[in-house]
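Same order as they appear, the protein sequences are chains P and D. For our numbering, add 317 to where a residue sits in the first sequence, where the first one is 1. For our numbering, add 7 to where a residue sits in the second sequence, where the first one is 1. Here is the structure we will look at.
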Amino acid sequence: EAEVAQSPRYKITEKSQAVAFWCDPISGHATLYWYRQILGQGPELLVQFQDESVVDDSQLPKDRFSAERLKGVDSTLKIQPAELGDSAMYLCASSNRANQETQYFGPGTRLLVL
Amino acid sequence: AQSVSQHNHHVILSEAASLELGCNYSYGGTVNLFWYVQYPGQHLQLLLKYFSGDPLVKGIKGFEAEFIKSKFSFNLRKPSVQWSDTAEYFCAVGRGGGADGLTFGKGTHLIIQP
C-alpha cells in the first residue's frame with residue numbers, strides 16, 4: 318500500500334538555526350498539505366499545494382516559514398530561524414483528484430528546538 | 008471559519024465496554040466529516056468519513072459514526088472495545104465538496120484496560 322513519506326523522522330536543533338523537512342506524497346496525488354501538531358492538540362493546517370501552486374498559506378508564519386513544491390511532486394518545508402515554540406510534529410498529507418476530500422497522512426517529523 | 012470540539016480529552020474503559028466519543032463542529036455550509044485514529048508510534052489513519060447520504064457510516068475495525076445535522080454532531084461509536092483500540096482519536100471537518108485543509112479537534116486519548 319502506497320504511503321506518504323517524510324524525513325527526517327526526528328530533528329533536534331537549537332533556536333535560531335534553520336531546519337528543513339521533506340515530504341513525498343503518494344504517487345499521483347496532486348494535492349499536498351503541511352500540518353503542525355503541537356503536543357496535546359490536533360493538527361493545524363500550515364499550507365496547501367495543488368500541483369506546484371500554493372492554494373492556501375493563510376496560517377503559515379511567513380516571516381520564518383517557507384514551503385515549496387517546485388515540480389508538483391515532493392515538497393520541502395523550511396523554518397528559519399527556528400524558535401522554541403516551533404517544537405511540534407510536522408505532518409504531511411496528500412490527496413488525489415478523484416477522491417480529493419480524503420487525505421492520507423505521513424508519519425511526521427518531530428521537531429525539538431532547544 | 009470552522010471549529011471542532013471533542014468533549015473528552017481522556018477516556019478510560021475496560022475491554023468489552025461500549026464506546027462513544029463526542030464531536031461537535033461549527034460551520035455554516037456543507038461539510039465533510041472524518042474520524043482519524045493515531046495508534047501509539049504510528050501515523051494518523053482514516054477510520055471513517057461522511058460526505059453525504061446515509062448519516063450512519065461504518066468504518067474500519069468495527070467503528071461507526073452518526074451525523075446529526077441538527078446537532079452539528081458526528082459522534083464515534085463502537086459496541087465493544089478491545090485493548091488494541093488504545094489510541095488517540097481525532098474528529099475533523101472539511102468544506103463539503105472541496106479539498107481544503109481539514110480542521111481538527113484536540114483529540115481524545117482512549118485507554119482500554121485489559
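All C-beta atoms in this analysis are idealised placements derived from N, C-alpha and C, irrespective of residue type, glycine included. Quantities reported herein were computed from a predicted structural model and do not represent experimental measurements.
Using the Cα positions of residue i and residue j, report the straight-line distance between them to the nearest angstrom.
| i | j | result |
| --- | --- | --- |
| histidine 346 (chain P) | aspartate 92 (chain D) | 30 Å |
| glutamate 71 (chain D) | tyrosine 421 (chain P) | 19 Å |
| glycine 112 (chain D) | valine 371 (chain P) | 25 Å |
| glycine 80 (chain D) | serine 333 (chain P) | According to the sequence provided, residue 80 (chain D) is serine. The question's glycine does not apply to it. Distance between the alpha carbons of serine 80 (chain D) and serine 333 (chain P): 43 Å. |
| alanine 319 (chain P) | glutamate 361 (chain P) | 24 Å |
| valine 364 (chain P) | threonine 37 (chain D) | 22 Å |
| glutamate 331 (chain P) | alanine 415 (chain P) | 42 Å |
| leucine 377 (chain P) | serine 383 (chain P) | 8 Å |
| alanine 405 (chain P) | leucine 356 (chain P) | 6 Å |
| aspartate 272 (chain P) | glycine 48 (chain D) | Lying before the first or after the last residue shown, residue 272 (chain P) is absent from chain P, which here runs from 318 to 431. |
| glycine 103 (chain D) | tyrosine 34 (chain D) | 10 Å |
| arginine 326 (chain P) | lysine 68 (chain D) | 27 Å |
| glutamine 417 (chain P) | asparagine 82 (chain D) | 23 Å |
| glutamine 89 (chain D) | serine 77 (chain D) | 31 Å |
| tyrosine 46 (chain D) | proline 121 (chain D) | 17 Å |
| leucine 28 (chain D) | glutamine 358 (chain P) | 16 Å |
| tyrosine 407 (chain P) | leucine 20 (chain D) | 30 Å |
| serine 296 (chain P) | proline 342 (chain P) | Not covered by the structure: residue 296 (chain P). The range shown for chain P is 318 to 431. |
| arginine 353 (chain P) | tyrosine 57 (chain D) | 24 Å |
| proline 304 (chain P) | arginine 381 (chain P) | The structure shown does not extend to residue 304 (chain P), since chain P is modelled only from 318 to 431, so the question has no answer here. |
| serine 375 (chain P) | lysine 328 (chain P) | 25 Å |
| glutamate 385 (chain P) | glutamate 73 (chain D) | 38 Å |
| aspartate 107 (chain D) | histidine 14 (chain D) | 24 Å |
| isoleucine 75 (chain D) | isoleucine 119 (chain D) | 27 Å |
| histidine 50 (chain D) | serine 344 (chain P) | 18 Å |
| cysteine 30 (chain D) | histidine 16 (chain D) | 11 Å |
| glycine 101 (chain D) | lysine 379 (chain P) | 24 Å |
If residue i sits next to residue j, beta carbons under 8 Å apart, how far is it from one beta carbon to the other, in whole angstroms?
| i | j | result |
| --- | --- | --- |
| threonine 110 (chain D) | tyrosine 96 (chain D) | Contact flag wrong, Cβ pair sits at about 16 Å. |
| leucine 53 (chain D) | threonine 419 (chain P) | 7 Å |
| glycine 32 (chain D) | valine 18 (chain D) | Reading off the sequence, residue 32 (chain D) comes out as tyrosine, not glycine. That belief does not hold up - the Cβ atoms of tyrosine 32 (chain D) and valine 18 (chain D) are roughly 19 Å apart, past 8 Å. |
Is it the case that the Cβ atoms of residue i and residue j are separated by a distance below 8 Å?
| i | j | result |
| --- | --- | --- |
| leucine 26 (chain D) | lysine 65 (chain D) | no |
| alanine 99 (chain D) | leucine 117 (chain D) | no |
| aspartate 391 (chain P) | tryptophan 351 (chain P) | no |
| valine 321 (chain P) | isoleucine 396 (chain P) | no |
| alanine 8 (chain D) | serine 87 (chain D) | no |
| glycine 366 (chain P) | leucine 387 (chain P) | In the sequence as displayed, the identity of residue 366 (chain P) is phenylalanine instead of glycine. In this structure, leucine 387 (chain P) does not lie closer than 8 Å to phenylalanine 366 (chain P) by Cβ. |
| leucine 401 (chain P) | valine 430 (chain P) | yes |
| glycine 389 (chain P) | aspartate 403 (chain P) | no |
Quiz item: Are the region 61-71 of chain D and the region 415-428 of chain P touching by the rule of at least three beta carbon pairs closer than 8 Å?
Solution: no
Quiz item: Quick one, which residues of the region 355-388 of chain P are near chain D if we go by CB-CB under 9 Å, in chain order?
Solution: Gly357, Gln358, Gly359, Pro360, Glu361, Leu362, Leu363, Val364, Gln365, Gln367, Val372, Asp373, Gln376
Practice problem: Say whether the region 36-46 of chain D touches the region 407-414 of chain P, bearing in mind that this needs 3 or more beta-carbon pairs closer than 8 Å, one atom from each stretch. | Solution: no
Practice problem: Taking only beta carbons into account, state which residues of the region 23-54 of chain D come closer than 7 Å to chain P, listed in chain order. | Solution: Asn39, His50, Leu51, Leu53
Practice problem: Pull out every residue of the region 334-350 of chain P whose Cβ sits closer than 7 Å to any Cβ of chain D, in chain order. | Solution: Thr348, Tyr350
Quiz prompt | Chain-ordered residues of the region 412-425 of chain P with a beta carbon less than 9 Å from chain D | solution = Ser412, Arg414, Gln417, Glu418, Thr419, Gln420, Tyr421, Phe422, Gly423, Pro424, Gly425
Practice problem: Could you run through the region 62-78 of chain D and flag, in chain order, every residue whose CB is less than 9 Å away from some CB of chain P? | Solution: none
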